[in-house]
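Peer 1:
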Amino acid sequence: MKSILEFVFNNFALCFGLITLWYVVCFSYLVWKRKKKGLTFPNPTDEGVVFSEFKASGSSHKTIFTRLGGASRCLTVLVTENVLAITTPFPFNLLNEKFDLDHIVPLKNIVSVEQRGNATHLKYTHDDGSSSNLTILLQNPKQFIKSLSQN
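Numbering (the UniProt record's numbering), first residue to last: 1 to 151.
#1: Please state if the CB of threonine 135 and the CB of serine 59 are separated by a distance shorter than 9 Å.
#2: For the beta strand (DSSP E) that contains serine 52, what are its first and last residues?
#3: Buried or exposed for aspartate 100, please, with buried defined as at least 16 other CB atoms from any protein chain shown within 10 angstroms of its CB.
#4: On the three-state DSSP scale, how would you describe proline 141?
#5: Tell me the DSSP secondary structure of glutamate 47 in three-state form.
#6: Going by DSSP in three states, glutamate 6 sits in which element: helix, strand or coil?
#7: Report the residue from Ser72, Lys62, Glu81 whose alpha carbon sits nearest the alpha carbon of phenylalanine 54.
#8: Residues in its own chain within less than 6 Å of leucine 122 by CB, not counting five upstream and five downstream?
#9: Compare the Cα-Cα distances from lysine 98 to each of Ser52, Lys33, Gly129, Thr76 and report the closest residue.
#10: Nearest CA to the CA of threonine 120: which residue from Pro141, Leu78, Thr20?
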């Protein structure tokens, strides 16, 4: 153990450079993976946005990991005339694939929306027939449900 510490202290610049390089490589990989996925989310300033909230919380019910992970006050929820879009801002969006926090859902695919306490539970189907469940904690859940039912 003592020899490892001596090596680190004697070669601090080298160790620091290697660790920095490792972080840059990992970060670049996450950015590349995100770009490769190619999801395009509506802009909150676009015409046709019926509802928008920028500090929502929530989680996916895909796995136990995604239920426990989730997002706390960093989800962006947008409802347009024909889609529901849920994502997080940069740099959190680099981890969205792991926590299943990127969703672009056509409104016609939403099966149910129900409010239980301060949580809004959303169930929707994918084009392949599978379904997903989300729990979202919004500041204005009644307006969210109303915007979904208007379209």
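Beta carbons: idealized from backbone N, C-alpha and C, even for Gly.
Peer 2: In short:
#1: yes
#2: 51 to 60
#3: Buried.
#4: helix
#5: coil
#6: DSSP places glutamate 6 in helix when its eight states are reduced to three.
#7: Phenylalanine 54 has its Cα closest to that of Ser72, out of Ser72, Lys62, Glu81.
#8: Val113, Leu134
#9: Lys33
#10: Check the Cα spacing between threonine 120 and each of Pro141, Leu78, Thr20: the tightest is with Pro141.
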